[in-house]
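> A single structure is presented below for examination.
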Amino acid sequence: MPHPLLTQDMIETYQRDGVVLIRGLFSDWVEELRAGVERNMDDPGPYASENEKEGETGRFFDDYCNWQRIPEFVQVIHQSPAAQVAAELMGSQEVQVFHDHVLVKEPGTSMATPWHSDGPYYFVEGRQTVSFWSPLDPVDEATLRMVPGSHCWEKPVLPMRWVQDEAYFPNIEDYMPVPDPEAEGMEIVEWAMQPGDAVAFNYHVLHGTRGNRSTTRRRAFSLRLVGDDARYVERPGRTSPPFPGHGMVPGQRLREDWFPVIWPT
8 MPHPLLTQDM IETYQRDGVV LIRGLFSDWV EELRAGVERN MDDPGPYASE NEKEGETGRF
68 FDDYCNWQRI PEFVQVIHQS PAAQVAAELM GSQEVQVFHD HVLVKEPGTS MATPWHSDGP
128 YYFVEGRQTV SFWSPLDPVD EATLRMVPGS HCWEKPVLPM RWVQDEAYFP NIEDYMPVPD
188 PEAEGMEIVE WAMQPGDAVA FNYHVLHGTR GNRSTTRRRA FSLRLVGDDA RYVERPGRTS
248 PPFPGHGMVP GQRLREDWFP VIWPT
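Basically the numbering used here = 1-based index in the sequence shown + 7.
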């Protein structure tokens, strides 16, 4: 039987569309995640960014790869149902942590998170991947927007630098240009969400968010996980996250001392 937060239909939807909404995945852990986000913002890591772009207002903070030094994130990753839910969505026997990501849009932040797919930025490939995006404040306009089925496109979406608006890698012919889903009439799914709800999506699903023009904060915690078939791949340039000195070779399963197995426990 699936985990109580899941149904068989939700699992099948995830396999087909690459995205599904899971109400209440982190609902028992919202205060811990909020405390972890504040700890992260008070003591940013080496990859933190303010995403300062000319003409944009407000503050858009993001940072990743900090979970092992933030006790609240460690607690949530190991004690919440995320690992089991991920295993069932992916159809995987085991689940490894890839990384965490904190994204905070303060009130009046105009900058949108551009349409993009995460997978082309990463040095991992496989069918069994899942990212959980969970708001820690109620969201409506600043919620996550997804293009279902885009994980099955023939070519990966060209990774771009959000602020500079330039290609991340030089050989752009290997990628498809970033589409404009609204202008091109693509199906877009999005949900008003409460703190602790989560969108689960495959690493290659196209997604983005609007700015936060509301009067309240929009804090979000993302947890990126991989399953049995995930393997290290080389990209034509520096990946994001880079994980310098990892020492892996193409085709290798992610090293468990850096990317620990959290399911089964």
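Built from N, CA and C at the ideal position, the CB exists for glycine as well.
Can you tell me which of the three DSSP states phenylalanine 105 falls into?
strand
> What residue range is occupied by the uninterrupted alpha helix (DSSP H) comprising proline 78?
78–86
> Which residues mark the beginning and the end of the beta strand (DSSP E) in which valine 215 is found?
It is worth fixing the name first, because residue 215 is glycine in this sequence and not valine. That run of the beta strand (DSSP E) goes 213–216.
> Checking 7 Å against the spacing of the C-beta atoms, do proline 127 and proline 166 come in under that value?
yes
> Considering just the uninterrupted stretch of the beta strand (DSSP E) at aspartate 172, what are its terminal residues?
From DSSP, aspartate 172 is part of no beta strand (DSSP E); its letter is neither H nor E.
> Using a beta-carbon distance below 7 Å, is aspartate 50 in contact with chain B?
The structure shown has no chain B; it contains just one protein chain.
> Let's test the definition: count the other Cβ atoms within 10 Å of the Cβ of glutamine 135 and tell me whether it reaches 16, buried, or not, exposed.
buried
> Would a C-beta distance cut-off of 7 Å place leucine 13 and glutamate 95 closer than the cut-off?
Against a cut-off of 7 Å, the Cβ pair of glutamate 95 and leucine 13 comes out as a contact.
> Nearest CA to the CA of lysine 60: which residue from Tyr54, Phe68 and Val170?
Val170
> With three or more C-beta pairs closer than 8 Å as the rule, is the stretch 109–122 touching the stretch 218–226?
yes
> Can you tell me which of the three DSSP states tryptophan 270 falls into?
strand
> Roughly how many angstroms lie between the CA atoms of histidine 108 and methionine 8, to the nearest whole one?
30 Å
> State the beta-bridge partners of valine 164 as determined by DSSP.
DSSP lists Met183 as the bridge partner or partners of valine 164.
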